[in-house]
Amino acid sequence: MALEIIFQVCGGLGIFLLGMKNMSLGIATFFYLFSKKDTIRFFAMFLVGLGMVFFGLQLMKNGFAPIKTLPGFEELFMKFQPDSYLGVLKCVMVGALLTAIVQSSSATLGITIALALTGAINFHTAAALILGENIGTTITALLASLGAYTNAKRAAYAHVIFNVIGVFWITLLFVPYTNLVARVNTWAEIDNIPVIVVTDENDSKIREYAKKYEIEESLYFENTDGQQVNSKGHRFDQGIIYDENGETFKENVSYVLPMDFIEQIEQGDLTNLSFYTSEGKTEYPLTGSAIAFTHSGFNIANTLLFLPFVGLLSRFLMWLVPDKKKAEVPHLTYLNVRMLDTPAIAIEQSYKELIKMGAMAKEMMAGLKPFLSNDKPRPEAAEVIFQQENDLDVIQKEVAEFIGEIMTGSIPHELMQEASGQLRIADELESVSDYIQGLLKLRLKVQDTGQKFSDGGLRDLIELHNKVDQYIDLIADGLERSNDTPEYFSEMQVKGIAVTNLMKECRSRHLERVTKAEDNPLMSLIYTDMLTAYRRIKDHAFNIAEVLIGEK
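Our numbering applies: residue 173 is where the sequence shown begins, and numbers increase by one.
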């Protein structure tokens, strides 16, 4: 529903850009090429892209104009008239097939609108084609789900079910639905009729309708000088409206004939109203807005219909695509290679993986603590940490490959810096997991030899572990909140120094215990290696804080 609202808003902006013709595209292109601020360049790129979409629609409309005069074209479309339920289904099938072939509902939607604007097809035929295009667009999701993971397949099937069921019930109500759309479109667009050329000044019927719909200013009557003038004194001539002072008020204006307007308005439907240009062409601009209302109305109504059944649909999809009994290979939930075409979004996706890596490192630290006692934890607990370290290795590799693909493209300097920082963070987190695994291996080595640390040595290790654990918590929290404040960095510096000082104290106390024969000299090398590993974990965590603050 949100996308449909955006579609309507962007459509209005696009029509504004099209109305300004190539000037707006030229201005936007200038700012995109020469502005040094990324914010301005991105907005200019957005305007250029949106303007080109509607400029392309204008080109398609002009290109399709001669099609309706081709021999056999009208005869062909007569076979696909939605004047019966079978005819509606035929049009739906054509729309679905074309969209499946093109694999772009946007492209087929543009073609449909272009054909309708030229009068090659009427509104009702276009509406049926639009419904079919909603089915055809599901082929893209289905193809993307091939070989994908369980949830990706469920999402693709949900898309198919949503659109197919939606089109089915809309086709059953096709006539009342399109009539409703036509009336809504008439109500919304009647003010956009700029000129109705009235040849008979005594035409009371057109005056009556103009007063009823408050469009009296659109009526242009021929005065004694043979000029078309409205109630405000504006003059219409050869597609141009002049104000009462003779200055140009509006250019490239099409006009409507009274008999066409009366015929359409009496049916409550202006979607197929003919507009005549100064070049002698006939256009149907109100059909385009009606098609947009049809598309938006279908998706909004279908969404509201499905909302109460989301839970039921979810259970059905879980039954249709059950979870695999064998664990899937560790993968990145948020990353999508199709987003590489949009670097800003791709960077956001990869950052979510860094947050996940930080949380996993935090879990590994918590899982390591039970091994610091002289009791032997369950072997399964060690396997969990080893598996988490392996998962972090895989994720770090996939993140690096993903970010590498982003950096090979043409991206702004700001995004390039952020991508480089993310590579550094991923590498630092992977190093943290390596040292945590190393600590576990050292502790298991002590247990396997049947040796024990002294009570004082264990107390020091646990105290140091708790300090480093809190340090990792700060890093995981900083990643999640994208904390780049000076206060956060200052806190990391202070606590990092505290960890280093504690490590030195633990080393000094250990040497003192060895001297007093309280600690086993054979365990001294392992003990100091464990102290060094904790310091290395702190160092790598501090490097992450430097990246967050922008120091490296």
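Quick reminder that beta carbons are idealized off the backbone N, C-alpha and C, glycines included.
* Roughly how many angstroms lie between the CA atoms of L694 and K528, to the nearest whole one? -> 39 Å
* Thinking C-alpha only, which one of R708, N474, V425, G469 is nearest V168? -> Outside the shown range of the chain (173 to 724) lies residue 168, about which nothing can therefore be said.
* What is the residue span of the beta strand (DSSP E) that D409 lies within? -> 407-409
* Thinking just about the alpha-carbon of each residue, which of E435, G629, Y381 is nearest to the one in R681? -> G629
* Asked: Is the stretch 462-473 touching the stretch 295-312 in the sense that three or more CB pairs, one from each, lie closer than 8 Å?
  -> yes
* With DSSP run on the structure shown, which of helix, strand or coil describes A713? -> helix
* **Cβ-based burial, A538 [other Cβ within 10 Å; buried from 16]** => exposed
* To do: Compare the Cα-Cα distances from I307 to each of L269, N692, A288 and report the closest residue.
  => L269
* To do: Can you tell me which of the three DSSP states K534 falls into?
  => helix
* Run the CB neighbour count on M675, radius 10 Å, all protein chains shown included, and call it buried at 16 or more, exposed below. => buried
* Same chain, Cβ closer than 7 Å to A591, five either side skipped, listed in chain order -> I519, I575, I578, M579
* To do: Classify L429 as helix, strand or coil using the three-state DSSP reduction.
  => coil
* Asked: For D641 versus L720, is the C-beta spacing smaller than 8 Å?
  -> no
* Give me the Cβ distance between T343 and V266, rounded to the nearest whole Å; I'm assuming they're in contact under 8 Å. => Not confirmed; about 14 Å, so no contact.
* To do: May I ask you to verify whether the stretch 363-371 touches the stretch 425-436, counting CB pairs closer than 8 Å and requiring at least 3?
  => yes
* Taking DSSP as the reference, what is the three-state secondary structure of Q275? -> coil
* Exposed or buried, what is N335 when buried is set at 16 or more other beta-carbons lying within 10 Å of its beta-carbon? -> buried
* Asked: Whose CA, out of I285, L595, D409, lies closest to the CA of N715?
  -> L595
* To do: Leaving out five residues on either side along the sequence, give the residues of the same chain with a beta carbon under 6 Å from the beta carbon of I362.
  => Y385
* Asked: First and last residue of the beta strand (DSSP E) that includes Y414?
  -> 412-414
* To do: Report all residues from its chain with a CB closer than 7 Å to the CB of A200; omit the five preceding and five following residues, and keep chain order.
  => A216, L219, V220, G223
* Whole alpha helix (DSSP H) elements within the stretch 630-693, 4-residue minimum -> 658-687
* Can the beta-carbon of G610 be found less than 8 Å from the beta-carbon of A516? -> no
* Among residues of its own chain, excluding the 5 on either side of I434, which ones have a beta-carbon nearer than 7 Å to its beta-carbon? -> K377, I378, Y381
* If you draw a straight line from the C-alpha of L612 to the C-alpha of I583, how long is it? -> 42 Å
* Are the stretch 312-328 and the stretch 445-454 touching by the rule of at least three beta carbon pairs closer than 8 Å? -> no
* Asked: Buried or exposed: where does A174 fall if 16 or more other Cβ atoms within 10 Å of its Cβ makes it buried?
  -> Any answer about A174 is weak, because its pLDDT of 42 lies below 50 and its placement is not dependable; what the coordinates show is given next. Under this definition A174 is an exposed residue.
* Near Q623, which residues of its chain fall below 8 Å by C-beta distance, leaving aside the five closest residues on each side in sequence? -> N692, L694, M695
* To do: Kindly list the residues whose CB is nearer than 7 Å to the CB of F421, restricted to its own chain and excluding five residues on each side of it in sequence; keep chain order.
  => H406, I413, Y414, D415
* **A288 and A279 closer than 8 Å at C-beta** => no
* With respect to 7 Å, is the separation between the Cβ of I365 and the closest non-hydrogen atom of the ligand SAM below this value? -> In the structure shown, the ligand SAM is absent, as is every other ligand, since no ligand is present at all.
* **The alpha helix (DSSP H) enclosing I302, as first and last residue numbers** => 295-308
* **Cβ neighbours of A324 in the same chain (closer than 7 Å, five flanking residues each side left out)** => S317
* Cβ neighbours of Q180 in the same chain (closer than 8 Å, five flanking residues each side left out) -> Residue confidence is low: Q180 scores 43 on pLDDT, short of 50, so the model does not pin down where it sits. Its coordinate-derived value is still stated next. Excluding positions up to five away in sequence, the list reads A464, S468.
* Asked: If you draw a straight line from the alpha carbon of A354 to that of L477, how long is it in whole angstroms?
  -> 22 Å
* Cβ of E525 within 8 Å of Cβ of I567? -> yes
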